[in-house]
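A.B. asks: The first sequence begins at 14 in this note's numbering and counts up one residue at a time. Where is the CB? At the ideal position from N, CA and C, for every residue including glycine.
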Amino acid sequence: MDFFWNFLLSCFPDSPTFSSFMSERRKPYPFDVIEPKWQSLWDERRLFHAPNPGEPSFDPALPKYYVLDMFPYPSGTGLHVGHPEGYTATDIIARYKRLRGFNVLHPMGWDAFGLPAEQYAIRTGQHPEITTRKNIARFKTQLKRIGFSYDWEREITTTDPAYFRWTQWIFLQIYNSWCNPETRRAEPISSYTGEDPDSVRLAYVAEVPVNWCPELGTVLANEEVIDGKSEVGGFPVVRRPMRQWMLRITAFAERLIDELELLDWPAGIKLLQQNWIGKSEGAEVQFVAGGGYDIIVFTTRPDTLYGATYMVLAPENPLVDRLTTDAQRKAVADYRAQVSAKSDLERTDLAKEKTGVFIGAYATNPASNERIPIWIADYVLMGYGTGAIMGVPAHDERDLEFARAFALPILDVVQPPEGETPTGYTGEGVSINSPLIDGLPTPEAKRRIITWLAEQGLGRRTINYKLRDWLFSRQRYWGEPFPVIWRDGKHEAIPESELPLVPPPLDDFKPTGSGEPPLARARDWVRYSEEATRELNTMPQWAGSCWYYLRFCDPGNSGRFVGKEAERYWMAGAPGFWTAAAMPPDTVPAASKPALVSPEPAHVSSEPTLVSSAPGPVSSRPAPVSSEPAPASSGAALVSSGPAPVSSGPASISSGAAPFPGNLHPSPQERHPIPGDLHPFSEAAALCPRGGVDLYVGGTEHAVLHLLYARFWHKVLFDLGHLSTSEPFQRLVNQGIILGEDGRKMSKRWGNVIDPLDVIADYGADAFRCYEMFMGPLEQMKPWSMTGVEGVSRFLARVWRLVMAENQAGEWMLSPAVAEVEPTRAQQKVVHATIKKVTGDIEALSFNTAIAQMMIFVNAFTGSAIPLQAMRTLLLLLNPFAPHLTSELWETLGRRFPITPNEITSQPWPQEQAEFLIEDEVEIVLQVNGKVRDRILVPIAASNAELEAVALANDRVRAFTAGKTVRKVIIVEKKLVSVVVN
RNA sequence: GCCGAUGUGGCGAAAUGGCAGACGCAACGGACUUAAAAUCCGUUUGAGAGAAAUCUCAGUGCCGGUUCGAGUCCGGCCAUCGGCACCA
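Put into structure tokens, the structure is as follows:
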């Protein structure tokens with residue numbers, strides 16, 4: 014045994030943890046020694062490096078799996094135990110997938126631009142780069158100590174010029190594109206034939222009312238304003254028109270909704286995005302106002318046109334100036350002043366009572382030809398629709414309130430179903446008082462009136478979105494500078510050769526207060542040439558996180574934002590890597606050990622076979638990476654297409670899913686028959702083509718913004734031919750937040766924050782990881798419990814002691830209980846039930862129940878002789894959860910019972926054998942009238958007739974059936990017999 | 001107000017419409033120990049009956065329904081949490 018300690022000592026001659034182990038109170042097992050040992054061994058051996066196509070160690074036979082965490086903002090406070098919850102889940106998946114023979118991309122990086130670092134710099138004068146570097150180091154230490162199997166060679170930081178060079182490059186791609194309304198796709202601006210390309214660019218400059226936060230000296234996106242205050246700091250925010258960079262995300266609104274359908278995301282998150290985009294179908298209707306001005310309104314209820322008894326314009330609507338009569342000019346001016354003085358908060362807060370002013374003008378209702386008054390009111394928003402509405406008080410709540418407040422006429426035009434009063438009814442019914450459409454049900458009435466309006470040239474069907482264009486500029490220092498200059502009042506892109514454009518050095522990061530960004534202080538930097546100056550704004554924090562998952566595929570590439578081949582491999586799974594020919598017969602080493610169940614299940618090799626034999630476009634078409642847009646490969650085409658355009662074999666036909674040439678994954682139909690490949694996906698989702706990141710785990714707080722922005726950028730890059738999938742994240746899972754022990758949200762304020770490193774110091778990283786997963790379902794919110802950690806730690810110690818025993822001197826050595834013996838039949842049953850349960854639970858991300866099953870295993874083997882093979886199986890199953898402990902025990906076992914190769918990470922994942930799960934006898938529940946009365950053991954082969962006879966003859970059953978008539982006997986195979994009596 | 005999620009022992013939780021509470025924590029009892037810790041073995045939803053093994057009844061937020069049988073499915077409420085909130 015001595016050599017064991019000598020070996021450890023030689024590994025860590027100066028390790029403080031080792032010496033502390035000797036002095037401190039005895040640990041349940043020496044995690045403080047073995048965890049650092051394995052962590053440095055993994056580093057040395059580059060064990061978790063995922064080779065890219067082209068690298069010498071790249072094995073084209075392995076299928077790829079891309080599992081991603083939402084990368085953190087490295088704050089000054091470090092991680093608390095809530096952060097690693099999702100990271101632990103993905104790490105288990107990553108390690109599991111590697112054991113199943115996948116080439117796994119599992120990276121980590123830093124979303125390091127952002128306001129807190131800049132705020133800190135303003136307070137302390139310390140450059141944000143310094144604090145950022147410090148914070149990253151702290152985060153990384155914490156993550157490494159937890160034993161995550163990240164490929165650290167792929168680490169990226171958004172503030173690194175080698176990274177943001179490409180963020181800026183992507184901005185230029187967006188700047189140099191427009192969305193062709195015919196194809197609904199992004200195209201190079203050169204394909205635009207109109208007069209003014211600047212009016213259609215996907216990145217454009219506009220004078221827009223923005224959320225100006227004087228305290229922060231910057232503009233904020235709508236999403237960063239919460240209840241009229243800044244999300245960061247909680248400072249007041251006011252509306253103010255400013256010149257800003259905008260990204261035309263609204264051009265993609267339709268696709269961003271439609272293509273959600275293809276994704277394995279939680280239904281709730283999809284709904285959130287849908288609601289955020291807020292699609293509503295309706296019509297634009299033109300009203301003619303006095304002086305010949307047209308007022309166009311948007312309505313989702315054109316069928317109520319006859320009921321429009323007044324109009325309302327948004328106070329900011331420019332038409333107000335032209336329409337207001339002299340008599341009303343003062344009242345209107347007063348009202349507008351009053352409205353603009355209100356912050357957004359006040360405006361919504363005081364929304365209970367409707368306010369407004371008549372502007373003196375009238376318009377004509379195009380249907381009824383009635384003369385109706387025009388008002389302004391702040392309940393009509395300039396930013397939605399046309400900034401004007403027709404007031405239909407009878408069938409719209411807000412209009413009704415307004416009409417009642419100002420005594421405007423109310424005309425019922427929809428007859429509701431019986432029992433409802435027409436006035437105030439907003440549902441569907443039958444049109445009344447509407448000559449053109451009287452008697453028609455609402456949907457038909459809408460169609461008819463739109464047709465009529467169109468014939469008259471007075472309106473048309475339209476769709477509106479709540480989604481606004483993305484306000485993309487910030488008046489900050491610590492962000493990516495725009496690669497743009499201004500010359501003669503016009504913007505221009507700088508040449509790509511000048512990227513990266515690095516922010517100038519500054520001593521003072523404070524906002525200038527005038528709305529001019531801090532970059533204005535760097536006079537020399539700002540002066541681009543004699544005639545041109547640089548753009549002073551910087552990009553928002555979202556920019557860097559919009560594409561980091563792409564950079565991870567090829568982080569060192571200096572010639573492209575991501576190499577084509579790397580992108581195709583990791584995001585789509587390129588066809589060349591999926592052919593059967595390329596697949597060696599036995600990709601996983603050591604698959605032939607007899608007792609360790611069967612070799613790697615066939616899924617690895619059967620997938621490519623199925624793909625290459627499919628006659629359809631899936632296997633034959635190259636990825637659409639050419640710059641020429643291929644409509645058939647767009648998600649839009651997929652969504653709108655009816656029948657599949659190309660026959661791709663029986664699987665696709667029966668599924669009804671259209672082939673998806675842009676996505677080169679095998680379709681789920683083809684994946685399905687693969688043995689051992691358990692599909693956690695829903696049936697509907699299984700019909701969707703797959704592509705992008707295979708599993709993306711993060712918090713719900715990014716449900717809308719980050720995910721929507723990333724999808725938008727991805728689609729632009731896809732349309733321009735730079736990417737091979739139209740969606741970035743195929744499968745998304747949200748982890749629930751972890752509360753403090755007091756049940757409150759973890760925060761400094763409550764003093765309930767727990768540092769992972771403190772937990773690890775007491776219980777070890779493996780216990781920490783297992784407890785994070787054992788707490789409950791991943792998606793659920795749950796409170797932390799230190800005694801819970803202790804329980805899990807006890808479980809791991811029991812595993813340790815199955816293999817190890819202490820000698821007289823208090824040294825751990827291989828336990829004599831471990832032997833090469835056949836497990837008993839009962840033990841075999843536990844072993845194989847555990848393989849089955851753990852495998853299925855990992856696939857379903859149900860880690861808590863997987864751990865529970867392994868606890869059952871350990872309970873069953875505690876106190877008995879330990880059959881070597883059973884033990885090895887347990888270590889493999891537990892390895893993704895507790896990698897250090899299992900690696901150490903595996904190695905120790907291998908010294909006494911050598912196998913080749915001996916690394917636990919080179920073993921095949923165990924496969925359960927059904928024969929060990931088959932029972933001779935089965936317990937049957939006997940019920941009378943649905944209540945359990947007895948349980949009996951019967952031979953598995955018992956027939957229904959036999960079961961019925963046994964049940965009816967059973968004493969306990971007869972006690973409850975005596976004197977009654979048996980009406981029915983229900984038999985559920987292998988489960989129960991239910992006797993129904995009256 | 002609208003949308004979504006969740007409600008099960010003292011606590012975290014588990015349960016393809018078929019034995020409610022697996023597994024873990026806490027508590028209690030026992031073994032080992034001079035003792036403690038650690039470890040190992042038990043008990044642990046409530047009420048009632050019994051000397052006891054056991055047995056009966058009730059029980060998954062509330063009310064109702066479907067079913068031989070409901071934590072699970074359906075309808076109606078209540079509570080907590082999250083999101084949206086004058087989006088025409």
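Are there 16 or more other CB atoms within 10 angstroms of the CB of W763, so buried, or fewer, so exposed?
C.D. replies: exposed
A.B. asks: Evaluate the contact criterion for the region 447–466 versus the region 306–319: three or more CB pairs, one atom per stretch, below 8 Å.
C.D. replies: yes
A.B. asks: Output the boundary residues of the beta strand (DSSP E) element that contains N116.
C.D. replies: 116–118
A.B. asks: When DSSP labels each residue in this structure, what does I507 get in the three-state scheme?
C.D. replies: coil
A.B. asks: Over the uninterrupted alpha helix (DSSP H) stretch that includes C5, give me the two end residues.
C.D. replies: In the structure displayed, the chain extends from 14 to 995; residue 5 sits before or after that span and is not available.
A.B. asks: Is it the case that the Cβ atoms of L260 and I187 are separated by a distance below 8 Å?
C.D. replies: yes
A.B. asks: If the criterion is Cβ atoms closer than 8 Å, does the pair G246 and L229 meet it?
C.D. replies: The answer is yes: Cβ separation under 8 Å.
A.B. asks: Could you spell out the range, first to last residue, of the alpha helix (DSSP H) harbouring K110?
C.D. replies: 97–112
A.B. asks: Within the region 368–412, note down every full beta strand (DSSP E) run reaching 3 residues or more, in order along the chain.
C.D. replies: Correct list: 370–377, 384–389, 401–404.
A.B. asks: Mark L75 as exposed unless 16 or more other C-beta atoms lie within 10 angstroms of its C-beta, in which case mark it buried.
C.D. replies: buried
A.B. asks: Would you check if there are 3 or more beta carbon pairs closer than 8 Å linking the region 919–931 to the region 973–984?
C.D. replies: The count of Cβ pairs closer than 8 Å, one atom from the region 919–931 and one from the region 973–984, stays below three, leaving the stretches out of contact.
A.B. asks: Which value, in whole angstroms, describes the spacing of the CA atoms of T875 and L233?
C.D. replies: 60 Å
A.B. asks: Would H719 and E740 be called neighbours here (beta carbons separated by less than 8 Å)?
C.D. replies: no
A.B. asks: Would a C-beta distance cut-off of 8 Å place A102 and Q748 closer than the cut-off?
C.D. replies: Result yes, Cβ atoms of A102 and Q748 sit closer than 8 Å.
A.B. asks: Alpha carbon to alpha carbon, how far is T525 from L549?
C.D. replies: 12 Å
A.B. asks: Report the rounded CA-to-CA distance for M867 versus A818, giving the unit in angstroms.
C.D. replies: 20 Å
A.B. asks: Confirm, please, whether the CB-CB distance from T905 to L815 is below 8 Å.
C.D. replies: No, Cβ-Cβ distance for L815 and T905 is not below 8 Å.
A.B. asks: Name the one or two DSSP bridge partners that S444 has.
C.D. replies: V427
A.B. asks: Under 6 Å Cβ to Cβ from S877, same chain only, skipping five residues before and after it: list those, please.
C.D. replies: none
A.B. asks: Check for me: the beta strand (DSSP E) holding K50 runs from which residue to which?
C.D. replies: Looking at the DSSP string, K50 is not in any beta strand (DSSP E); the run it does join, the alpha helix (DSSP H), is 44–57.
A.B. asks: Suppose you measure from the CA of P66 to the CA of F574; what does that come to, to the nearest Å?
C.D. replies: 16 Å
A.B. asks: Extract the residue ranges of the beta strand (DSSP E) inside the region 182–210, only unbroken runs of 3 or more that lie entirely within it.
C.D. replies: 190–193, 198–201
A.B. asks: Using C-beta distances below 6 Å, list every residue in its chain close to E441, excluding the 5 sequence neighbours before and after it, in chain order.
C.D. replies: T455
A.B. asks: Could you pull the DSSP bridge partners for P222 from this structure?
C.D. replies: Residue pairing by DSSP places P222 opposite P254 in a beta bridge.
A.B. asks: Is P456 helix, strand or coil by DSSP?
C.D. replies: In this structure, DSSP gives P456 a helical state, which the three-state scheme calls helix.
A.B. asks: In this structure, does DSSP put G629 in helix, strand or coil?
C.D. replies: Its pLDDT being 32, under 50, G629 is placed unreliably by the model, and the measurement read from it follows with that caveat. Residue state, collapsed to three classes: coil.
A.B. asks: Just verifying my parser: in three-state terms, what is the DSSP assignment at A535?
C.D. replies: coil
A.B. asks: Less than 8 Å between the beta carbons of V325 and G452, yes or no?
C.D. replies: no
A.B. asks: What residue does the beta strand (DSSP E) around V805 start on, and which one ends it?
C.D. replies: V805 -> not in any beta strand (DSSP E); alpha helix (DSSP H) instead, spanning 799–816.
A.B. asks: Can you name the start and end residues of the beta strand (DSSP E) that W499 belongs to?
C.D. replies: 497–500
A.B. asks: Quick check on T144: buried or exposed, where buried means 16 or more other Cβ atoms within 10 Å of its Cβ?
C.D. replies: buried
A.B. asks: Only counting the same chain, and skipping five residues up and downstream in sequence, which positions put a Cβ closer than 6 Å to that of R111?
C.D. replies: V117
A.B. asks: Since Q554 contacts F126 with CB under 8 Å, what's their CB separation in whole angstroms?
C.D. replies: Right, the Cβ-Cβ distance comes to about 5 Å (below 8 Å), so this counts as a contact.
A.B. asks: Given 8 Å as the limit, is there contact between the region 38–56 and the region 885–904, that is, 3 or more CB pairs closer than that?
C.D. replies: yes
A.B. asks: Kindly give me the distance between the Cβ atoms of L81 and V746, rounded to whole angstroms, as I take these residues to be in contact under 8 Å.
C.D. replies: Wrong, their Cβ atoms sit about 11 Å apart, outside the cutoff.
A.B. asks: Helix, strand or coil for A594, going by three-state DSSP, please let me know.
C.D. replies: Its pLDDT being 30, under 50, A594 is placed unreliably by the model, and the measurement read from it follows with that caveat. Of the three classes helix, strand and coil, the one that applies to A594 here is helix, per DSSP.
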